[in-house]
Amino acid sequence: MKDKHLTTLRMIYLFGNWKMYLDLEESVALVTELCNVKLPTHEYVTLGIFPNPLAFVSVRNVFKGSTFFLGAQNVGWTSKGAYTGSISAELYKNAGATYALVGHSERRYIFNETNEAVRKKVEACLDAGIIPVVCIGETQKDKDANKKEYRLKKQIMKVFEGLSLDRKEIIIAYEPVWAIWPGTPCNPEEARDTHELIHAEIAKYTDTKVPVIYGGSVNAENVEQYLSLNGVDGVLPGHASTKIDTFVPLIEHVIGLFRANP
Ligand code: 13P
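The sequence shown begins at 4 in the working numbering and counts up one residue at a time.
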């Protein structure tokens, strides 16, 4: 099933989305443990953590000087002012975020976030100097109704149509909603075909190279089968990134793949 050698990869992303699994104390405890483990590094592997907003600054303070980048799990699309309860991309940028998840399926389907809101957040991130990691993905219902392609194409169109990237970076995360833990992991053939479709669709709107990463029940045991596929430029684990004994093996495994294929 391997489509390529990891040697052909140039940069891959390993981003841990901690969702709302950990409270402040648990988040700080986990980063402290991560800093105490001697983790391998590789110039082609970009590591990132997306803690909850309450824990963001404390996590940043522990991580200072480490190889991890930090990201927001969500951003507001306004900048500063009378926006109760919102945290803008600009505020996150000032607090040390490099990335922000935008349009995660849990925001889209639990909190009714629309494609239009996602687009505003993408633009707010680009304006603030944050790299948006825009999540797209079909639900089981879409799949059953043969609407997977339609759903993905529409989500991509709403992100990229008329968007001025002007040499700014953007990342797409393909996360089939049905594969998110404790769902059923996506089989590698389907992941490969879908990533191909997503790359082809993005190319209709921009000449910029847009990395497409995969998320949905990724762990140390299955990560290689995804990273070996053409068009998979990284992974976005949730659950497996929230415990030291699942996250460290995952990081070690990914870096080990690169070390084995220098
Ligand atoms: P899981 O790895 O828990 O399936 O989460 C994937 C995800 O939603 C990351 O954003």
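In this text, a Cβ means the ideal position worked out from N, Cα and C, and glycines have one as well. The model shown is predicted, which means the values in this text are computed figures rather than measured ones.
By how many angstroms is the C-alpha of residue j removed from the C-alpha of residue i?
{"i": "Glu172", "j": "Ile134", "result": "6 Å"}
{"i": "Ala85", "j": "Lys41", "result": "44 Å"}
{"i": "Gln143", "j": "Gln158", "result": "16 Å"}
{"i": "Val34", "j": "Asn115", "result": "31 Å"}
{"i": "Lys156", "j": "Glu204", "result": "7 Å"}
{"i": "Phe163", "j": "Lys83", "result": "25 Å"}
{"i": "Met160", "j": "Ala206", "result": "11 Å"}
{"i": "Phe71", "j": "Glu28", "result": "19 Å"}
{"i": "Glu178", "j": "Leu232", "result": "15 Å"}
{"i": "Pro252", "j": "Ala182", "result": "21 Å"}
{"i": "Asn118", "j": "Thr249", "result": "33 Å"}
{"i": "Asn149", "j": "Lys67", "result": "47 Å"}
{"i": "Leu200", "j": "Gly186", "result": "22 Å"}
{"i": "Thr87", "j": "Met23", "result": "20 Å"}
{"i": "Gly19", "j": "Arg170", "result": "26 Å"}
Grab me the residues of residue i's own chain with a C-beta within less than 6 Å of its C-beta, minus the 5 sequence neighbours each way, in chain order.
{"i": "Pro54", "result": "Trp21, Ser30 and Val62"}
{"i": "Ala131", "result": "Ala92, Glu93 and Lys96"}
{"i": "Met14", "result": "Tyr47"}
{"i": "Gln76", "result": "Phe53 and Leu104"}
{"i": "Glu152", "result": "none"}
{"i": "Val136", "result": "Tyr102, Leu104, Ile174 and Ala176"}
One question on the structure: do residue i and residue j come within less than 8 Å of each other, judged by their Cβ atoms?
{"i": "Tyr112", "j": "Val213", "result": "no"}
{"i": "Leu168", "j": "Thr209", "result": "yes"}
{"i": "Ser89", "j": "Cys38", "result": "no"}
{"i": "Cys128", "j": "Ala176", "result": "no"}
{"i": "Val65", "j": "Lys124", "result": "no"}
{"i": "Val121", "j": "Gly140", "result": "no"}
{"i": "Ile247", "j": "Glu109", "result": "no"}
{"i": "Arg154", "j": "Asp147", "result": "no"}
Excluding sequence positions up to five away, which residues of its chain have a Cβ less than 7 Å from the Cβ of residue i?
{"i": "Gly99", "result": "Arg63 and Leu73"}
{"i": "Thr225", "result": "Note that residue 225 corresponds to Asn in the displayed sequence, not to Thr. Here the set comprises Pro188."}
{"i": "His202", "result": "Val215 and Gly234"}
{"i": "Trp184", "result": "Ser220, Gly241 and His242"}
{"i": "Tyr229", "result": "Pro191, Ala194, Tyr217, Val221, Val235 and Val238"}
{"i": "Thr211", "result": "Leu168"}
{"i": "Val60", "result": "Ala98"}
{"i": "His45", "result": "Ile258, Phe261 and Arg262"}
Using a Cβ-Cβ cutoff of less than 8 Å, which residues in the same chain neighbour residue i once the five nearest sequence positions on both sides are dropped?
{"i": "Ile254", "result": "Leu17, Leu42, Pro43 and Leu50"}
{"i": "His256", "result": "Ala223, Val226 and Glu227"}
{"i": "Leu25", "result": "Leu33, Pro54, Asn55, Ala58 and Thr245"}
{"i": "Glu126", "result": "Trp80 and Leu166"}
Is any heavy atom of the ligand ADP found at a distance shorter than 7 Å from the C-beta of residue i?
{"i": "Glu193", "result": "Although the ligand ADP was asked about, the structure shown includes only the ligand 13P as ligands."}
Closer than 6 Å to the ligand 13P: residues, by C-beta to nearest heavy atom, in chain order:
Asn20, His107, Glu178, Ile183, Trp184, Gly218, Gly219, Ser220, Val221, Leu239, Pro240, Gly241, His242 and Ala243
Going residue by residue through the region 66–115, where are the continuous alpha helix (DSSP H) segments of at least 4 residues, counting only ones entirely within it?
92–98 and 108–113
May I have a chain-ordered list of the beta strand (DSSP E) segments no shorter than 3 residues that lie completely inside the region 115–199?
134–139 and 174–177
Residue ranges of each alpha helix (DSSP H) within the region 196–234, 4 or longer
226–230
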